[in-house]
Amino acid sequence: MQPLLQIVTISILVVLMSFTYDVNDYEKEGIIILEGKYQNRNIYVANPYPENGVGYCTYEVRVNGELIPDEVNGKAFEIDLKQFDLKTGERVVIEIKHKSGCAPKVLNPAGLKPKPTFETEKIDLNSEGILTWTTSNEAGILDYIVQQFKWNKWVDVGQIAGIGTPDRHDYLFKVQLISGNNKFRIIQRNYEGKIKKSTSVIHKSTIPKLTFIYNKRTKELVFSLPTQFEIHDLYGRLVKRGYGDSVKVSNLEKAEYYLSYDNATDTFNMK
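Sequential numbering of the sequence shown, starting at 253, is according to the numbering used here.
The following block contains the structure:
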């Protein structure tokens, strides 16, 4: 009986050892990778329990390949990027390795996305509609959006990609001037919708004031010069937008509408 007992015991040990190895290998499968540019912000992570309830989901975090010394065994932890002596705008790759059957949650995923930090050093507009500006202190690539003030609001009229480094950069954009005063600025929006604005520049043009007529035969609004336009119904809903010397309105219902064009807002009736 003793040899039989020894065989059974050895068999049980072999099964247990094999089972333990499979579980460890199975648990260490997931990885979350965050890539971006250093924005002088740390990353915060919610760290749930794994399916088996042993320990926490995350078991290893690396920044640019370097293992972080911070504790990750907790319901939440902070990835302190300051300790890596990163420069603003420097590329960052964070690897969060976690067990299978669970996933940590990055609480501020936009923490490596650029935010608008530019400083406007100069902005000018000439009579040809050439808008130029000089900026510094950019912390990542974001579009510069060109805005024109007309119709009692700021209207987006174009955009150009920023260079994204802290050095001094010059930009140029051709804009469409309107009659009278032309007021422009540039802005940047980050991934959270926050806006940074430049100072405004004003130029008074010699362009004559535009007019429009309604052509009943073609059912078009015809402008005296090409212009950007918007048409809203009486409830303020935008129904048409564009640029040109005319706009077809045959598909509009019979009603009164607001027409914004050049530097004016008028009304017209579809009968």
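Glycine residues also receive a C-beta, built at the ideal position from the N, C-alpha and C atoms.
Values in this document were obtained by computation on a predicted structure and should not be read as measured data.
**Q.** Burial state of GLY392 (16 or more Cβ within 10 Å)
**A.** On the sequence shown, position 140 is the one that residue 392 refers to. Under this definition GLY392 is a buried residue.
Q) Is PRO361 helix, strand or coil by DSSP? A) For this step, residue 361 is matched to residue 109 along the sequence shown. Of the three classes helix, strand and coil, the one that applies to PRO361 here is helix, per DSSP.
Q. Under 8 angstroms between the Cβ atoms of GLN411 and ILE430?
A. For this step, residue 411 is matched to residue 159 along the sequence shown. For this step, residue 430 is matched to residue 178 along the sequence shown. Contact: no.
Q.
Quick test of the definition: if touching needs 3 or more C-beta pairs under 8 angstroms, does the segment 406-425 touch the segment 461-471?
A. no
Q | Member of ARG343, SER352 and VAL427 whose CA lies at the smallest distance from the CA of ASN304 | A | As a position in the sequence shown, residue 304 is number 52, starting the count at 1. ASN304 has its Cα closest to that of SER352, out of ARG343, SER352 and VAL427.
**Q.** Short Cβ contact (8 angstroms threshold) for LYS374 with THR386
**A.** Here residue 374 refers to the residue found at position 122 when the sequence shown is read from its first residue. Here residue 386 refers to the residue found at position 134 when the sequence shown is read from its first residue. Against a cut-off of 8 angstroms, the Cβ pair of THR386 and LYS374 comes out as a contact.
Q. Can you round the beta-carbon distance between SER498 and LEU477 to whole angstroms, since I take them to be within the 8 angstroms contact cut?
A. Here the question's residue 498 lines up with position 246 in the sequence shown. Here the question's residue 477 lines up with position 225 in the sequence shown. Not really, about 11 angstroms apart at Cβ, beyond 8 angstroms.
Q | Assigned exposure category for GLN254 - 16 Cβ within 10 Å defines buried | A | To locate residue 254, count along the sequence shown from 1; it is residue 2. Interpretation of GLN254 is limited by its pLDDT of 45, a score under 50 that renders its predicted location unreliable; the figure taken from the coordinates is listed afterwards. It is exposed - the Cβ of GLN254 has fewer than 16 other Cβ atoms within 10 Å.
Q: Might you give, ordered along the chain, the residues of its own chain that have their beta carbon closer than 6 angstroms to the beta carbon of HIS455, omitting 5 neighbours on each side?
A: Taking the first residue of the sequence shown as position 1, residue 455 is located at position 203. So the qualifying residues of the chain are LEU377 and ASN434.
Q. With PHE481 and SER512 assumed to form a contact (beta carbons below 8 angstroms), what rounded beta-carbon distance in angstroms separates them?
A. Stepping through the sequence shown from its first residue, residue 481 is reached at position 229. Stepping through the sequence shown from its first residue, residue 512 is reached at position 260. Indeed, because the Cβ distance is near 6 angstroms, the residues count as touching under 8 angstroms.
Q: Would you kindly work out how many angstroms separate the C-alpha atoms of ASP332 and CYS354, rounded to a whole number?
A: Locating residue 332 in the sequence shown gives position 80, where the first residue counts as 1. Locating residue 354 in the sequence shown gives position 102, where the first residue counts as 1. When rounded, the distance between both Cα atoms is 23 angstroms.
Q) Taking the alpha carbon of ASP337 as the point to measure from, which residue in GLU505, ASN292, LEU486 and LYS506 has its own alpha carbon closest? A) Counting from 1 along the sequence shown, the entry for residue 337 is found at position 85. When each option's Cα is compared against that of ASP337, the closest is ASN292.
Q) Got a sec? Which residues, its chain only, sit under 6 angstroms from ILE483 by beta carbon, not counting five neighbours each side? A) As a first step, residue 483 must be located in the sequence shown, where it is residue number 231. Within the same chain, Cβ atoms closer than 6 angstroms to the Cβ of ILE483 are found at VAL491, LYS492, TYR509 and LEU511, the five residues on either side in sequence being excluded.
Q.
Tell me the residue span of the beta strand (DSSP E) that contains VAL491.
A. As a working note, residue 491 is residue 239 in the sequence shown. VAL491 -> beta strand (DSSP E) spans 490-500.
Q.
Considering just the uninterrupted stretch of the beta strand (DSSP E) at TRP406, what are its terminal residues?
A. Your numbering for residue 406 matches position 154 in the sequence shown. That run of the beta strand (DSSP E) goes 405-413.
Q | Distance, ILE438 Cα to ASP408 Cα | A | Mapped onto the sequence shown, residue 408 falls at position 156. Mapped onto the sequence shown, residue 438 falls at position 186. Between ASP408 and ILE438, the alpha-carbon positions lie close to 9 angstroms from each other.
**Q.** Alpha-carbon to alpha-carbon, THR372 and LEU383
**A.** By 1-based counting over the sequence shown, the position of residue 383 is 131. By 1-based counting over the sequence shown, the position of residue 372 is 120. Distance between the alpha carbons of LEU383 and THR372: 13 angstroms.
Q | Pairwise C-alpha distance: ASN515 and GLY440 | A | As a first step, residue 440 is located in the sequence shown; it is residue number 188 there, counting from the start. As a first step, residue 515 is located in the sequence shown; it is residue number 263 there, counting from the start. It should be pointed out that residue 440 corresponds to Gln in this sequence rather than to Gly. Spanning the two alpha carbons is a distance of roughly 24 angstroms.
Q. If you count every other CB in all the chains shown that lies within 10 Å of the CB of GLN400, and 16 or more means buried, which is it?
A. On the sequence shown, residue 400 is found 148 positions in, with the first residue counted as 1. Buried, since its Cβ has 16 or more Cβ neighbours within 10 Å.
Q: State the Cα-Cα distance for the pair GLU318 and VAL345, rounded to the nearest angstrom.
A: For the purposes of this step, residue 318 is identified with residue 66 of the sequence shown, where counting begins at 1. For the purposes of this step, residue 345 is identified with residue 93 of the sequence shown, where counting begins at 1. One C-alpha to the other measures close to 10 angstroms.
Q: Taking only runs that begin and end inside the segment 427-502, name each unbroken beta strand (DSSP E) of 3 or more residues, in chain order.
A: 432-441, 447-449, 453-457, 464-467, 472-485 and 490-500
Q: Sort out for me which residues DSSP pairs PHE401 with in a bridge.
A: As a first step, residue 401 is located in the sequence shown; it is residue number 149 there, counting from the start. Its beta-bridge partners are TRP406.
Q: Note down the Cα distance separating GLY488 from LEU364, rounded to an integer number of angstroms.
A: The sequence position of residue 488 within the sequence shown is 236, counting from 1. The sequence position of residue 364 within the sequence shown is 112, counting from 1. So the two alpha carbons sit approximately 38 angstroms from each other.
Q | Three-state class that DSSP yields for LYS289 in the structure shown | A | Position 37 of the sequence shown, counted from the first residue, corresponds to residue 289. Of the three classes helix, strand and coil, the one that applies to LYS289 here is strand, per DSSP.
Q) Of the choices VAL297, PHE436 and ASP395, whose alpha-carbon is the least far from that of ILE447? A) Sequence index remark: in the sequence shown, residue 447 carries index 195 (1-based). For the residues VAL297, PHE436 and ASP395, the minimum Cα distance to ILE447 belongs to ASP395.
Q | Simplified DSSP state of PHE370, which is helix, strand or coil | A | To locate residue 370, count along the sequence shown from 1; it is residue 118. PHE370 falls in the coil class under three-state DSSP.
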